[in-house]
Structure formats: C-alpha cells, structure tokens
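Colleague: Right, I'll just put the structure down here and ask away after.
Residue numbers (the numbering used here): 351 to 757.
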C-alpha cells in the first residue's frame, strides 16, 4: 500500500503490526522516531509538523511539542487504537481485520476447489498465515486486482494448473492462460517453481530441479521423453512395437506415451530405473530386463504409463532403482517406490558402494549446508540407514556418474 501522508503512513504501519489491528485492541501507541518522517535534510519537516498540529487540535494524536508547531520533542506523538478505523478511512484502505476476513473466505473457497495436493497445501498455508495476521504480498496484490480489474494472473495460473491433467507444452499453456506464449516463462515460472517446496506435495522439494517441478505439474518444456532399454512391447494404432530390438535403447515421446497401450504377456522379469543418463546409456541390454532412465522425478504421464506396466507384470517381477548417493537420489527412490513400484529396492545405493567410490565424494553445492545434512538425517530409515550414517559421517555425496570411472 502507498500512503503519501508520512504521518498517516507510520500510524497505519503500527496498526498493522502484531495484533494492533484487531477490534479488541484499544490501547495507546507512540511514535518517537520523528527524523524518520522528516526524511533526509528535514525535507518533509514542514508538512509533518503541519499535519501533527492539525491532528493534535482534532485530538487524533497527542504531540510532545518542544516548540509548538515547529519542533517535536523526544517523545514524538501518541495515538489511540480506538481511532484505527478513522485512520484507515483517511488512508483510503480497508481495515486489516476486514481484509483478513474477506481473504480467508476467498482462500477457503479456493481450498474447496483445489484438486491437487500442492495447491491444497498452498491455500492451507495461506489460511494459517491469515489466522496469525500475516497477509502474503501475492495475495494482497492479486486479490485486490480481482475486484479492481477483474484480473488476477497468479491465481488464474494456479486455477488452470489445478485443472491440468494432461502433459501440456509450457508455451501452449501460457498462450491459453495469458494469450501470450512466453508470459508464463518470463514472469510466473520462477515465481511458482521457486515456492513449490513449501506447497507440500511429494516430489516438490527445495532441491528439486525446475525442469522436474514443471513435469510434476504436467508442464512439458519440449524435452519430455521416457528412455527405455530392454524387453518392452506396446501397441500403437493396431501396430505392435518391440523395444527389445533397439539394442542401445530408445526414447518414447510424449505423444507415444499418451496413445500407446502396454501389452499383456511381457517377457520382463526385472525392471531397473536409473537416475542419470550416462549410467543408463552405459548399462548393457539384459535378457528379460527393462532399464528406464528417470531423469529425476518422473512426470505424471510417465508415472501413469509405468503403473500400467507394473499392473501387467507378474508378482514375482523384481524392481530396482540406482541413483546418486545423496539427498536427491534417496528422495527420487522414495518417489518411485511410493508412486509407481511398491516393491522397489535400491541397487548400488548402499554402504559398500559408498565406500567403494568415496574417492570421488564431493561437498554438496547448496546454500545452507547444515540444513542439507539435517534433511538427509530426516530420511534415515530402511533401506538407507547404513548409507545415511556414512553420508552424515563423511559429509560427502557421490554422484552416480562416478560408478563409470575406470581406474
């Protein structure tokens, strides 16, 4: 909010702090930092003293005058919270209590409409903040614009993401929402992805790469493919395709994933998911084995296809995942286990592998290293107890590409 009156601006800021804005708060508040409203070189002294003189006469404030109308003393001025609505009216803004009531009603309705976990979490946290008297800047700005201009782009974007059930190209999404194919990438992509870690859905972490976050939201940056190597048979428009004939693997495109049918009677007895491309490429074709490159967290469409695969494979099929020996690797494993393959087991993600490649260990490139190790510790449970103990002891992570180094 922009309030040109320098005295009124400070009074409103005091009212908005803590619980001063609540109806039941009626005590007196003081402001002593007169130089703050006088500004540099006392450029606003005359106007401030004029306002304080007028308001003192009207009993809006009680001023500690050193020289009446010319100099304010060290005690500044005092005003009563009983007059808060008067000050709000003078400022031309709604009282905070009224704004919080309106925002809460609106956010509760949005919560009822939310279909996706991360959007539900966003509105739950917004409501928790409102209960504490905290109004998020994005809420204040966008909510007011709904009523002033009928347009609130951030929440319009969230509403569309809430309904997005198919993998959609980023620029197509942007064109639909904003009638501008680049606006999402320029303005809203970073604003949304940078906060996904606080929105609560599994897979959205502070450390999750932006590309993976987009995929988890069903947004495609034109590079979505599922790379496979091994005995997989599918049908597309009455034609059977045997990926086992591609000795070095093959990429399945988005459209292919959307239209193809996983055939019954697969000759697959083992499935291996691989986090990093170099390791996927280097793994040799194995009989009765399907190797899948995950590129990190799998998009909803990829999860759907792999769940279909899991449903047609026999119960005795073995499932493994191999990835980085770090926080991301452990979280990706848990994501695949919880979302796709319940019987998933780690491969080359144990204490013995860690010791073997410790020469190539490195310090994580993160802003808060202590917070990183605390997050590692929170992941400590089977089957990663031993690996996590070693990570916490050595304070070094190992990228999966180290497994390919030949001594």
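Virtual Cβ for every residue (Gly too), placed ideally from N, Cα, C. Quick caveat: nothing in here was measured; it's all calculated off a predicted structure.
1) Answer with buried or exposed for residue 750, where buried requires no fewer than 16 other C-beta atoms within 10 angstroms of its C-beta.
2) Taking the beta strand (DSSP E) that residue 311 belongs to, which residues open and close that run?
3) Are the stretch 441 to 452 and the stretch 464 to 476 touching, with three or more C-beta to C-beta distances below 8 Å?
4) Between residue 523 and residue 534, how many whole angstroms is the CB-CB distance? I'm expecting something under 8 Å.
5) Would you call the stretch 684 to 704 in contact with the stretch 718 to 725, where contact means no fewer than 3 C-beta pairs closer than 8 Å?
6) Counting C-beta neighbours from all protein chains within 10 Å, is the total for residue 615 16 or more, i.e. buried, or is it exposed?
7) At 4 residues or longer, and completely inside the stretch 374 to 408: list those alpha helix (DSSP H) runs for me, N to C.
8) Could you tell me the alpha carbon to alpha carbon distance between residue 720 and residue 713, rounded to whole angstroms?
9) Rounding to the nearest angstrom, what Cα-Cα distance links residue 730 and residue 665 in this structure?
10) May I ask which residues mark the beginning and end of the alpha helix (DSSP H) holding residue 627?
11) Could you tell me the distance, in whole angstroms, from the CA atom of residue 756 to the CA atom of residue 480?
12) Cβ of residue 642 within 8 Å of Cβ of residue 578?
13) For the stretch 356 to 371 against the stretch 424 to 435, are there 3 or more C-beta pairs whose distance is under 8 Å?
14) Do you know offhand how far residue 406's Cα is from residue 525's?
15) Quick one: grab the DSSP three-state call for residue 527.
16) Per DSSP, residue 356 is paired with what?
17) Which residue comes first and which comes last in the alpha helix (DSSP H) that contains residue 759?
18) Whose CA, out of 484, 362, 609 and 433, lies closest to the CA of residue 453?
19) Taking Cβ positions, are residue 432 and residue 376 nearer each other than 8 Å?
20) By how many angstroms is the C-alpha of residue 517 removed from the C-alpha of residue 608?
21) Taking the alpha-carbon positions, what's the residue 498 to residue 690 distance?
22) Bridge partners of residue 585, per DSSP?
23) Determine the burial state of residue 626: buried for a count of at least 16 other Cβ atoms within 10 Å of its Cβ, exposed for fewer.
24) Measuring only the C-alpha atoms, how far is residue 652 from residue 644?
25) Assuming residue 739 is part of the alpha helix (DSSP H), what are its boundary residues?
Modeller: In short:
1) Position 400 of the chain shown holds residue 750. Buried, by the Cβ-count rule.
2) Outside the displayed span of the chain (351 to 757) sits residue 311, for which this structure offers no information.
3) With the cut-off at 8 Å, the stretch 441 to 452 and the stretch 464 to 476 do not touch.
4) Residue mapping note: residue 523 aligns to position 173 of the chain shown, counting from 1. Residue mapping note: residue 534 aligns to position 184 of the chain shown, counting from 1. Yes, they are in contact, since the Cβ atoms of residue 523 and residue 534 sit about 6 Å apart, within 8 Å.
5) no
6) The residue you call residue 615 lines up with position 265 of the chain shown. So residue 615 ends up on the exposed side.
7) 384 to 388 and 395 to 407
8) Walking along the chain shown from the start, residue 720 turns up at place 370. Walking along the chain shown from the start, residue 713 turns up at place 363. Distance between the alpha carbons of residue 720 and residue 713 is about 12 Å.
9) Along the chain shown, read from residue 1 onward, the residue named residue 730 stands at position 380. Along the chain shown, read from residue 1 onward, the residue named residue 665 stands at position 315. For residue 730 and residue 665, the distance between alpha carbons rounds to 28 Å.
10) Taking the chain shown and counting its residues from 1, one reaches residue 627 at position 277. 627 to 632 is the span of the alpha helix (DSSP H), which, as asked, contains residue 627.
11) Within the chain shown, numbered from 1, the residue matching residue 756 stands at position 406. Within the chain shown, numbered from 1, the residue matching residue 480 stands at position 130. Each residue's Cα considered, the two are about 57 Å apart.
12) Along the chain shown, read from residue 1 onward, the residue named residue 642 stands at position 292. Along the chain shown, read from residue 1 onward, the residue named residue 578 stands at position 228. A contact, by the Cβ cut-off of 8 Å.
13) Between the stretch 356 to 371 and the stretch 424 to 435, the count of C-beta pairs closer than 8 Å reaches three or more; the two stretches touch.
14) Position 56 of the chain shown, counting from 1, holds the residue named residue 406. Position 175 of the chain shown, counting from 1, holds the residue named residue 525. Those two C-alpha atoms are separated by around 56 Å.
15) Counting from one through the chain shown, the residue named residue 527 turns up at place 177. Helix at residue 527.
16) Taking the first residue of the chain shown as 1, we reach residue 356 at position 6. Listed as beta-bridge partners of residue 356 by DSSP are no residues whatsoever.
17) Because the chain here runs from 351 to 757, residue 759 falls outside it and cannot be looked at.
18) As a first step, residue 453 must be located in the chain shown, where it is residue number 103. The candidate whose alpha carbon is nearest that of residue 453 is 484.
19) Within the chain shown, numbered from 1, the residue matching residue 432 stands at position 82. Within the chain shown, numbered from 1, the residue matching residue 376 stands at position 26. Against a cut-off of 8 Å, the Cβ pair of residue 376 and residue 432 comes out as a contact.
20) Translated into the one-based positions of the chain shown, residue 608 becomes position 258. Translated into the one-based positions of the chain shown, residue 517 becomes position 167. Taking the straight line joining both Cα atoms gives about 9 Å.
21) If you number the chain shown from 1, residue 498 lands on position 148. If you number the chain shown from 1, residue 690 lands on position 340. Low confidence applies here, because residue 498 scores a pLDDT of 49, under 50, leaving its location unreliable; read the following figure in that light. If I take the Cα positions, the gap works out to 45 Å.
22) Taking the chain shown and counting its residues from 1, the one referred to as residue 585 is at position 235. Looking at the DSSP assignment, residue 585 forms a beta bridge with 590 and 611.
23) Counting from 1 along the chain shown, the entry for residue 626 is found at position 276. Looking at its Cβ environment, which holds 16 or more other Cβ atoms inside 10 Å, residue 626 is buried.
24) Here residue 652 corresponds to residue number 302 of the chain shown, with the count starting at 1. Here residue 644 corresponds to residue number 294 of the chain shown, with the count starting at 1. Taking the straight line joining both Cα atoms gives about 9 Å.
25) Working through the chain shown from its first residue, we reach residue 739 at position 389. Run containing residue 739: 735 to 744, per the alpha helix (DSSP H) assignment.
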